[in-house]
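Asks:
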Amino acid sequence: MALIELINLSKSYDGEKVLDEFDLSIKENEFITLLGPSGCGKTTTLRILGGFTKPDTGRVLFQGEDITQLSPNKRQINTVFQKYALFPHMNIAENIAFGMKISGKTQSYINDKIKYALKLVNLSGFEKRSVDSLSGGQQQRIAIARAIVNEPRVLLLDEPLGALDLKLRQEMQYELIRLKNELGITFLYVTHDQEEALTMSDKVVVMNKGYIQQMGTPEQIYNEPENAFVADFIGDSNIVDGIMMEDRVVKIFDHIFPCIDEGFGKKKPVDVVIRPEDIIIGKVGEGIMDGEITSNVFIGVHHEMCIEAGGFEWVAQNTKSYPVGTKVSIDVLPENIQIMNKPQSEDEEAISLEEVLGEENIGEDNE
Amino acid sequence: MNSMKKLFSVPFICFILCGTIVPMGVIAYYGLTDREGLFTLKNIMEIATVDHAKALGMSLLLSFLATTICLILAFPLGLILKDSKLGKKGFMVFLFILPMWMNFVLRTMAWQVLLEKNGILGGLGIINTPTAVVLGMVYDYLPFMVLPIYNALVKIDNSVIEAAYDLGADYKRVLFKIIVPLSVPGIVSGITMVFVPSLTTFAISNMLGGGKVNLIGNIIEQEFTASANWNLGSGLSLVMMIFIVISMALIEKFDRNGEGNMI
Ligand SMILES: Nc1ncnc2c1ncn2[C@@H]1O[C@H](COP(=O)(O)OP(=O)(O)OP(=O)(O)O)[C@@H](O)[C@H]1O
Ligand SMILES: [Mg+2]
Numbered sequence: 003m004a005l006i007e008l009i010n011l012s013k014s015y016d017g018e019k020v021l022d023e024f025d026l027s028i029k030e031n032e033f034i035t036l037l038g039p040s041g042c043g044k045t046t047t048l049r050i051l052g053g054f055t056k057p058d059t060g061r062v063l064f065q066g067e068d069i070t071q072l073s074p075n076k077r078q079i080n081t082v083f084q085k086y087a088l089f090p091h092m093n094i095a096e097n098i099a100f101g102m103k104i105s106g107k108t109q110s111y112i113n114d115k116i117k118y119a120l121k122l123v124n125l126s127g128f129e130k131r132s133v134d135s136l137s138g139g140q141q142q143r144i145a146i147a148r149a150i151v152n153e154p155r156v157l158l159l160d161e162p163l164g165a166l167d168l169k170l171r172q173e174m175q176y177e178l179i180r181l182k183n184e185l186g187i188t189f190l191y192v193t194h195d196q197e198e199a200l201t202m203s204d205k206v207v208v209m210n211k212g213y214i215q216q217m218g219t220p221e222q223i224y225n226e227p228e229n230a231f232v233a234d235f236i237g238d239s240n241i242v243d244g245i246m247m248e249d250r251v252v253k254i255f256d257h258i259f260p261c262i263d264e265g266f267g268k269k270k271p272v273d274v275v276i277r278p279e280d281i282i283i284g285k286v287g288e289g290i291m292d293g294e295i296t297s298n299v300f301i302g303v304h305h306e307m308c309i310e311a312g313g314f315e316w317v318a319q320n321t322k323s324y325p326v327g328t329k330v331s332i333d334v335l336p337e338n339i340q341i342m343n344k345p346q347s348e349d350e351e352a353i354s355l356e357e358v359l360g361e362e363n364i365g366e367d368n369e
Numbered sequence: 695m696n697s698m699k700k701l702f703s704v705p706f707i708c709f710i711l712c713g714t715i716v717p718m719g720v721i722a723y724y725g726l727t728d729r730e731g732l733f734t735l736k737n738i739m740e741i742a743t744v745d746h747a748k749a750l751g752m753s754l755l756l757s758f759l760a761t762t763i764c765l766i767l768a769f770p771l772g773l774i775l776k777d778s779k780l781g782k783k784g785f786m787v788f789l790f791i792l793p794m795w796m797n798f799v800l801r802t803m804a805w806q807v808l809l810e811k812n813g814i815l816g817g818l819g820i821i822n823t824p825t826a827v828v829l830g831m832v833y834d835y836l837p838f839m840v841l842p843i844y845n846a847l848v849k850i851d852n853s854v855i856e857a858a859y860d861l862g863a864d865y866k867r868v869l870f871k872i873i874v875p876l877s878v879p880g881i882v883s884g885i886t887m888v889f890v891p892s893l894t895t896f897a898i899s900n901m902l903g904g905g906k907v908n909l910i911g912n913i914i915e916q917e918f919t920a921s922a923n924w925n926l927g928s929g930l931s932l933v934m935m936i937f938i939v940i941s942m943a944l945i946e947k948f949d950r951n952g953e954g955n956m957i
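As you go down the protein sequences, you meet chains A and B in turn.
For the first sequence, my numbering begins at 3 and goes up steadily by one.
For the second sequence, my numbering begins at 695 and goes up steadily by one.
1. Tell me whether Q84/A counts as near ligand 2, meaning its Cβ is closer than 8 Å to at least one heavy atom of that ligand.
2. Confirm, please, whether the CB-CB distance from K211/A to G43/A is below 9 Å.
3. Going along the region 62-94 of chain A in order, which residues come within less than 9 Å of chain B, judged by CB to CB distance?
4. Give the straight-line distance between the Cα atoms of G289/A and S331/A, rounded to the nearest whole angstrom.
5. From the DSSP secondary-structure annotation, give me the bridge partner or partners of H304/A.
6. How many Å lie between S27/A and I34/A at the Cα?
7. Are the C-beta atoms of I940/B and some chain A residue less than 9 Å apart?
8. May I ask you to verify whether the region 875-883 of chain B touches the region 906-915 of chain B, counting CB pairs closer than 8 Å and requiring at least 3?
9. Taking 8 Å as the cut-off, is the C-beta of V192/A nearer than that to any heavy atom in ligand 2?
10. Return the bridge partner residues of F314/A from the DSSP annotation.
11. Report, in whole angstroms, the separation of the C-beta atoms of M342/A and E228/A, which I expect to be a contact under 8 Å.
12. Is E161/A a contact residue of ligand 2, with contact defined as CB to any heavy atom under 8 Å?
13. Does the CB of R171/A have a neighbour CB from chain B at under 9 Å?
14. Verify the CB distance criterion: does S105/A have a CB-CB separation below 9 Å to chain B?
15. Which whole-angstrom value is the C-beta distance of K13/A and L5/A, which I expect to be below 8 Å?
16. Return yes when the C-beta of Y213/A is under 8 Å from any heavy atom of ligand 1, and no when it is not.
17. When you compare the region 156-167 of chain A with the region 111-118 of chain A, are there three or more beta-carbon pairs, one atom per stretch, that lie closer than 8 Å?
18. So, is the C-beta of A149/A closer than 9 Å to a C-beta in chain B?
19. Using a Cβ cut-off of 9 Å, pull out every chain B residue sitting near N152/A, in sequence order please.
20. How far does the beta strand (DSSP E) with N845/B in it extend, from its first residue to its last?
21. Cα separation between E348/A and Q141/A?
22. Is there a Cβ from chain B that is less than 9 Å from the Cβ of F54/A?
23. With DSSP as the reference, please indicate the residues paired to Q319/A in a beta bridge.
24. Going along the chain, which residues of its own chain have a beta-carbon closer than 8 Å to the beta-carbon of Q175/A, five neighbours each way excluded?
25. Would you call the region 723-730 of chain B and the region 848-863 of chain B in contact, with 3 or more CB pairs under 8 Å?
26. For Y15/A, does the count of other Cβ atoms within 10 angstroms reach 16, so buried, or fall short, so exposed?
27. Any heavy atom of ligand 1 inside 8 Å of the beta-carbon of T81/A?
28. Measure the C-alpha to C-alpha separation of L909/B and L836/B and round it to an integer number of angstroms.
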């Protein structure tokens, strides 16, 4: 059974729909990430789950029990707030102890936990420091420590690593996952960093404008984006117009590409997504289309190059560098071409309710 | 740059000189001399006489009562104002501040008329009693308590309060562990701004006490006017100043944040 179910949540602010018939079910000990652009309703979803905002319609179930109207302090849920929200009049130890004192833990238990949590977030010895004296990233880590010491059933984290540098962020990602496995806490995680979402989560929920765009494992989201928004938001992509000529054949800029998709019909306009790393660069005439390198930037392991071909700037990544001006050809393996229906209207940009619920039910039947 | 700064500070130095140092010096001079201009501590010691000590005690008691009542009224009011909707908030604060813009003497006189034997509230029979004086103090100085407390309360970040609920705190705990400690600076300035004028007032006790409630302010005023004894008046003023400094120091002990919004 799902631990938490959000059913048909809607929320408007000043007539502006922020969440629209939002459904999500979270299983025990699952790590779910809400991913989406700024203002798409991620924080609002967390606030409804935490009990700080009441939805206009819809229900929140916790172990099958309706907690929509339950006040935040009665929920077995703790939150790491986007704005940290540390208590400015207490020192770090007092901040971390706050929740444990309320639940009546002994002083020695509290002291042990404070030590443990500070070590976990890499801030040992900060007990007596004041909140003001901490940097943003340090405050953020204290906010994490303050929440986890209570060992809640569910932990809501609103961009908890946003203020950290890359190295520290990766360390904390690792610690959080370890924590989840050790304590069996269910995580609902919010981020707009797609890499973070893909590396940490069991399930990623891509949101836009209060709708769920796609829900699935990181692999599914990355390899099989269901629409252009997801493809665009997750990683760099070449998203181009194509025409599905027949099963397993798509025409892009008057060139025929073999692919593996079927069932789109004949002469049907579609969106085609090709990842930069999937573009094979070869000698002129060797590939499907010919073009010319127009830019070349070294981005770490790869060179990222733009290739002008068929009137479109393709983004390609390759470990081999081709100087600007080189005439090249491009090719793509059939399985690396992702075909998607063009959205008919704004509503269809979101996958329909039935589809989501259908998938959920199938998944549960199997268990 | 530096000379500019010096230039800008000239008016303030003048003000401090003319408004603080010179008058203090004059009061200290009068307070520590007798009519012949010879040094004496007699004026200071006068506070120990029964009449003066009684008046001082009464002043301390009544201003303590008035301050406490103001605090009890203002804090819940501030909480309500903080939580009310934005538009309503400004209007409600305005309503409470409005009396402040009316002439102080007029406000007190209004209560005199109301509480008089034949007044609308004459039946209460509190005119010319300490109760009436406390009532006047509360009415006159309540806005000075409301404003700083309200300001401190609205400055508290709502997400901090939500975090406390999130960690399992009930309303009582949120109030006493989060809201009250975070509004201490406002409470301290509110107390200061009500206690000090209440302690030194003579107008309120004159009008609502009808000469039956003698506060230290009244005695000092009489020394300066009726008795024309500037030396004694100044001496008693000095004593009172010491009392104010002591009370402020006591209050400051509670102001853990020590944000320096004293007086
Ligand atoms: N209390 C509120 N009053 C009015 N509008 C609000 C309120 N809270 C949120 N909104 C609006 O709802 C929308 C969604 O906000 P939300 O905070 O959920 O976004 P988000 O996905 O968390 O974005 P970000 O990544 O920037 O944190 C935004 O357009 C925001 O302006
Ligand atoms: Mg947010």
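For glycine and all other residues, C-beta sits at the position ideal for the given N, C-alpha and C.
Keep in mind the model is a prediction, meaning the values are calculated, not measured.
Replies: On the basis of the coordinates in this document:
1. Because some heavy atom of ligand 2 lies under 8 Å away, the Cβ of Q84/A counts as near it: yes.
2. Yes, the pair counts as a contact, with Cβ atoms nearer than the cut-off.
3. Those residues of the region 62-94 of chain A that come within reach of chain B (Cβ to Cβ, closer than 9 Å) are S73, P74, N75, K76, R77, I79, N80, T81, F83, Q84, K85, Y86, A87, L88, F89, P90, H91, M92.
4. Put simply, the backbone Cα of G289/A is about 5 Å away from that of S331/A.
5. In the DSSP output, where bridge partners are listed per residue, H304/A has none listed.
6. Per the coordinates, the alpha-carbon of S27/A lies some 10 Å from the alpha-carbon of I34/A.
7. False, the Cβ-Cβ gap to chain A never drops below 9 Å.
8. No contact exists between the region 875-883 of chain B and the region 906-915 of chain B.
9. V192/A: yes, Cβ under 8 Å from ligand 2.
10. Bridge partners of F314/A according to DSSP: A311/A.
11. Between the beta-carbon of M342/A and that of E228/A there is about 7 Å, and that keeps the pair under the 8 Å contact cut.
12. At a threshold of 8 Å, E161/A counts as near ligand 2, since its beta carbon sits closer than that to one of the ligand's heavy atoms.
13. Closer than 9 Å: no.
14. At least one chain B Cβ lies under 9 Å of S105/A.
15. 22 Å between Cβ atoms; not a contact.
16. The answer is no for Y213/A.
17. Segments in contact, no.
18. Put simply, the CB of A149/A is near chain B, with a gap under 9 Å to one of its CB atoms.
19. The contact set of N152/A on chain B, defined by CB atoms closer than 9 Å, consists of L861, G862 in chain order.
20. It is not in any beta strand (DSSP E) - N845/B instead sits in the alpha helix (DSSP H) that spans 824-849.
21. In this prediction, E348/A has a pLDDT of 47, which is less than 50 and means its spatial position is unreliable; nothing more can be read from the coordinates.
22. Residue-level contact by beta carbon holds for F54/A and chain B, with a gap shorter than 9 Å.
23. According to DSSP, which records beta bridges pairwise, Q319/A is partnered with E306/A.
24. Within the same chain, Q175/A has close Cβ partners L163, E198, T201, M202.
25. Short answer: they don't touch.
26. Y15/A is exposed by the Cβ-count criterion.
27. Checking the Cβ of T81/A against ligand 1 gives no.
28. Approximately 20 Å, taken between the alpha carbons.
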